[in-house]
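Reading through the structure tokens given below for one structure.
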Amino acid sequence: MKKEIKKAMGVSPVTGRIYYGNLRGDEWVGDKEDVTDTAVRAVFEWFIEKFEDVCPADGQYTLEFLDEEYALTMKRKSFEYSAKWQNRAEHNDYIHAECSKCGFQVENIEAVETGRCSTEYTKVKWKYCPRCGSKMTV
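Heads up, the final residue of the sequence shown is numbered 356 in the numbering used here, and it's a clean run with no missing numbers.
Here you go:
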């Protein structure tokens with residue numbers, strides 16, 4: 219019995235390029251299109267859109283998949299806190315949210331600038347975990 223042909227995207231172990239086309243099991247069938255540049259750019263833009271308003275302590279944004287031993291990290295080219303936030307630890311101007319399912323923790327230091335209380339801001343900003351999609355708790 220032949221396996222079903224399906225549209226898919228995958229990485230070629232030979233070329234290291236990302237292709238979109240028809241797959242039957244693990245084999246490409248017919249023409250496939252090299253979408254490496256488009257796919258990488260889309261992920262890059264998705265990453266920026268998802269984390270643009272978040273300001274982690276080190277300026278790095280990390281995405282982890284539960285079953286993978288690697289993490290994808292993006293770092294701003296230049297990262298500095300404004301003078302107002304330089305000594306944030308002394309002033310305790312940061313808040314935490316934690317995912318009730320996977321335990322992923324988020325630190326956010328922009329709450330005070332919004333004019334909202336920390337808890338209200340976190341509930342608005344982090345409704346769902348960026349790692350697993352579950353609801354976040356403050």
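Where a beta carbon is used, it is the ideal one built from N, C-alpha and C, also for glycine. Here the structure is a predicted model, which means the values were calculated and not measured.
Restricting to Cα atoms, I'd like to know which of the options is closest to residue i.
i      : options                : result
GLY248 : VAL258, LEU281, ASN240 : ASN240
ALA226 : ASP244, VAL232, THR233 : ASP244
ILE223 : TRP246, SER230, VAL232 : TRP246
LEU290 : ARG349, ASP255, GLU316 : ARG349
Cβ atoms of residue j and residue i: under 7 Å apart, would you say?
i      : j      : result
LYS221 : ARG235 : no
Taking only the alpha-carbon atoms, compute the straight-line gap between residue i and residue j and give it to the nearest angstrom.
i      : j      : result
PHE283 : LYS268 : 16 Å
LYS250 : TYR237 : 6 Å
LEU281 : GLU287 : 12 Å
GLY321 : PHE265 : 21 Å
ARG259 : ASP285 : 24 Å
VAL261 : MET219 : 36 Å
LYS295 : TYR279 : 12 Å
SER318 : MET292 : 25 Å
PRO231 : VAL253 : 15 Å
GLN358 : ALA257 : The requested residue 358 does not occur in the structure, where the chain is confined to residues 219 to 356.
GLY277 : GLU263 : 17 Å
THR233 : GLU316 : 40 Å
What are the partner residues of residue i, as DSSP defines its beta bridges?
i      : result
LYS225 : ASN240
LYS293 : GLN278
LYS250 : GLY239
GLU245 : ARG242
So does residue i have its beta carbon nearer than 6 Å to some heavy atom of the ligand FMN?
i      : result
ARG294 : The ligand FMN is absent from the structure shown, which contains no ligand whatsoever.
Within 7 Å of any Cβ in chain B, is that where the Cβ of residue i sits?
i      : result
VAL232 : Considering every chain present, this structure includes no chain B. It has just one protein chain.
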